[in-house]
Amino acid sequence: MNVLVLLAIILFVSMIWIGGKKGARSFISLFLNFAVLLVSVFIMMDPHANPIIITLIACTVISSINLFYINEVNNKTIIAFVSTVITVAILLLFIYFVTKKAMIQGFGEEEMDEISVIFSLYLGVDFVKIAAAVIIMSTIGAVTDVAISITSPMQEIFNQHPSISKKELFTSGLTIGKDILGSNTNTLFFAFIGGYMALLIWYKDLSYSFGEIVNSKIFSAEMITIFCAGIGIALIIPIASLVNAHYLIKIRGKQSDDKIIQR
Amino acid sequence: MFGVIVIFYKFKNMSLNHIIFYTIIFICFITSIYFVYHNYAFYERPIAKVIQTNLEDSTDLKDIHGNEDRIFTQHIIGEIKNGEEKGRIIHLTNEYSLSGAYDQPYEKGNELFVSFEKNPNESSTLTGNITDVKRDKYTVIVAWIFIFTLLLVGKKQGLFASISLAVNILLLSYALDIYVRTDMNLLWICGITVVLFTVISLLLVNGFNEKTYAAIIATLLGTFISLLITYLAMRITSENGLYYEEMQYLTRPYRLIFLAGLFIGSLGAVMDVAISLSSATFELYNKNNDISVKALKESGIEIGKDIMGTMTNILFFAYISGSIPMLILYLKNYSLLGFTLSINLSLELARALAGGIGIVLTIPIGLYTSIFFINRKREKL
């Protein structure tokens, strides 16, 4: 039997055991997301398609799977969705600029030995844009997670204190965000490091000097990814708080207007 | 003008400690930026700064698979910034493609590592080859943007997050040094590092209290159990379906390094789940000391259900996205889809699935350890 199939079965069984129906949905969402990722890879292969636009669309679809399918369509998830899209759009521009400047696109020396022999590298697709797409895609899961973790308790606070001011609501969103900031950056940090263990050991094995490591393409790409992921996680906190505070206060205004009209 | 007044006003209201702290950060920022822009002397490899570029030639190219691209040849004049040849002018040629998989155009101001070509005549101009790009300043600038965003949004927690990240990087680098220098088993080293990572990160962010202790125990149990399950699954299936080709450049046992990466990779996510659960259960207990174990279990599982899906998705994207350029390279070279996916994604998918198992199993583990600590607290009362 295939290891991946066995692991997938174990994951599926444990998700259903703990989460019931929601667990099953979480498991299926992994497959849906994988499909979205593959489809975007296929579209990116077309030299005339713009990988940045594709990524923006893919991120929209992925965040709607994560928010609307696993949870459900309600005020909290809609606000989280809107804030995610805003953050991703801002972040994409920043990341594209950084990848272009730092020239971290494409493949590193370590990978070149094997692939340049067999493969043609002149493929006509824009690898700078693809590199930006990679960075944003690796963060999208965390960004949606932070968004929903902020909007849901904010709504709760609003329900308990309906007369709360917009500023107080915004501040409470920030406070919630601060608490999850550290653990979320940690999650991504360890995931990236875990994925690049082999490379780090390789650097140490060849006794690369500090200067060589810091300037090498793959290492700087990795560090920049970690930092950009952190920036994304930090950025969504004020954005989600602001959008949510604005929305909730607007809703309240409308409701009180309705009441006045009814009287 | 107004902005200056606002800043001044804010400055006046800050405590002395704050002012000292921000001044230190600001000084660090300025010195490090100044350093990366002027650190040529610290490099042994010669560095050239581009002062002029000329596009000499461009040719259209079509490979055997019909992929169209364009190759440009660029003549570059640079100034050597360090070493014996400092101050001399160097002539370089750069070939780059439109797609830029392994090349890029250079422009005025770029800094490049170069190697000299042997020149018989001393007085003639230098020529050489470009070996790499000097990227350190970009990494440092992005690192500062990261730190500032974290401080701006997270204040104190942002500071702690940055510190714990820095400590973790140092710890990992030290652990890998030990592994490379001695013959200690990598999994033992990783085991010890994982314990240190967990204790430091959780204590730093959440402080010394029962909530943190419960989370630490749950994290360690969760990661060790998920590692064990993955290891057993690999043994049972005799690793059918795992392709280690992408780790081929290593001269060390692939499997061990893969397992070590898996171990550390899921740690952050498992920690996150553990602390969310213990915080929530302790919060419930603190609000109502008489809450029944059954009620705690029920709400704990509810919280677990909510975080399970998003957490597994975080890991999934963090692992899989990095393979996108490779997938495109393989597929554009007309490799078969199944082959491409198994060569490039098997390890990543295994990591993501194993991490997911760790996350899900940490939910009951975290819940029961928290309940254990709460019961102990109750007995004391």
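In the order they appear, the protein sequences are chains A and B.
Residues in the first sequence are numbered from 0 upward in steps of one, following numbering that gives the first Met the number 0.
Residues in the second sequence are numbered from 0 upward in steps of one, following numbering that gives the first Met the number 0.
The beta-carbon is built from N, C-alpha and C at its ideal position, and this holds for glycine as well.
Under 7 Å between C-beta atoms, does M183/B make it to chain A? Among the residues facing chain A, M183/B is not included, as its CB has no counterpart in that chain under 7 Å away.
Helix, strand or coil at E67/B [DSSP, three-state]: strand
Contacts of T52/B in chain A (Cβ-Cβ under 8 Å): Residues of chain A passing the Cβ test: none, with the nearest at roughly 15 Å.
Hey, would you say T222/B sits closer than 7 Å to G357/B, going by beta carbons? yes
Is M0/B close to chain A? Criterion is C-beta to C-beta, closer than 7 Å. Its pLDDT being 48, under 50, M0/B is placed unreliably in this model, and the value from its coordinates should be taken loosely. For M0/B, the answer is no, since every Cβ of chain A falls outside 7 Å of its Cβ.
Report yes or no: is there a C-beta of chain A within less than 7 Å of the C-beta of A165/B? no
Below-7 Å beta-carbon distance, A146/A vs any chain B residue: Not one chain B Cβ lies under 7 Å of A146/A.
What residues match up with F115/B in a beta bridge as DSSP calls it? G127/B
Alpha-carbon to alpha-carbon, L241/A and I89/A: A direct Cα-Cα distance of roughly 15 Å separates I89/A from L241/A.
If I follow the unbroken alpha helix (DSSP H) through I144/B, where does it start and stop? I144/B: member of the alpha helix (DSSP H) spanning D135 to R180, first to last residue.
Should G210/A be flagged as near chain B, meaning a C-beta pair shorter than 7 Å? Cβ-Cβ to chain B under 7 Å: yes for G210/A.
Counting only the same chain and skipping the five closest in sequence on each side, list residues whose C-beta sits under 6 Å from that of V179/B. none
Taking the alpha carbon of F315/B as the reference point, which residue from T224/A, G140/A and V81/A has its own alpha carbon closest? Ranking T224/A, G140/A and V81/A by Cα distance to F315/B puts G140/A first.
So, is P161/A buried or exposed, given that buried needs 16 or more other C-beta atoms within 10 angstroms? exposed
Have a look at the DSSP bridge pairing and note the partners of S62/A. DSSP, once it has assigned bridges, lists no residue as partnering S62/A.
Pull up the DSSP beta-bridge partners for L54/B, would you. DSSP lists Q73/B as partners of L54/B.
Out of curiosity, what's the CA-to-CA distance linking M0/B and F226/A? Model confidence at M0/B stands at a pLDDT of 48, short of 50, so the residue's coordinates are unreliable; what they give is reported in the following sentence. Distance between the alpha carbons of M0/B and F226/A: 33 Å.
Pairwise C-alpha distance: Y95/A and K216/A: 16 Å
Where M0/A falls, given that 16 or more other Cβ within 10 Å makes a residue buried: exposed
Applying a beta-carbon distance threshold of less than 8 Å, which residues of chain A neighbour I327/B? V40, M43, M44, L122, V124 and I129
Under the three-state DSSP convention, the category N93/B falls into: It is a strand residue.
Express the C-alpha separation of P104/B and D56/B in angstroms, rounding to a whole number. 13 Å
Is it the case that the region 111-130 of chain A contacts the region 172-189 of chain A, given that we only count it when at least three CB pairs across the two stretches are under 8 Å? no
Own chain, CB closer than 6 Å to I342/B, minus 5 neighbours either side, in chain order: Y242 and E244
Using the DSSP secondary-structure output, state which residues sit across from E78/B in a beta bridge. K48/B and I88/B
Sort out for me which residues DSSP pairs V132/B with in a bridge. L111/B
Tell me which same chain residues have a C-beta within less than 7 Å of the C-beta of I24/B, skipping the five on either side of it? none
Buried or exposed, going by whether 16 or more other CB atoms sit within 10 Å of the CB of W201/A? Burial call: buried.
Of all the CB atoms in chain B, is at least one closer than 7 Å to the CB of F96/A? no
Give me the Cβ distance between A40/B and I79/B, rounded to the nearest whole Å; I'm assuming they're in contact under 8 Å. With 8 Å as the limit, A40/B and I79/B do not qualify as a contact, their Cβ atoms being about 12 Å apart.
Simplified DSSP assignment, three categories, for M0/B: Low per-residue confidence applies at M0/B: pLDDT is 48, beneath 50, and the placement is therefore not dependable enough to give any value.
Interface positions of the region 58-73 of chain B facing chain A (Cβ-Cβ less than 8 Å), listed along the chain: Of all residues in the region 58-73 of chain B, L60, D62, I63, H64, N66, E67, D68 and I70 have a Cβ within less than 8 Å of some Cβ in chain A.
Any Cβ of chain B within less than 7 Å of the Cβ of K177/A? yes
In chain order, what are the residue ranges of uninterrupted alpha helix (DSSP H) at least 4 long that sit wholly in the region 83-152 of chain A? Within the region 83-152 of chain A, the alpha helix (DSSP H) runs of at least 4 residues that lie entirely inside it are, in chain order, 108-117.
Is the Cβ-Cβ distance between S271/A and G355/B less than 7 Å? In the structure as shown, chain A begins at 0 and stops at 262. Residue 271/A is therefore absent and cannot be evaluated.
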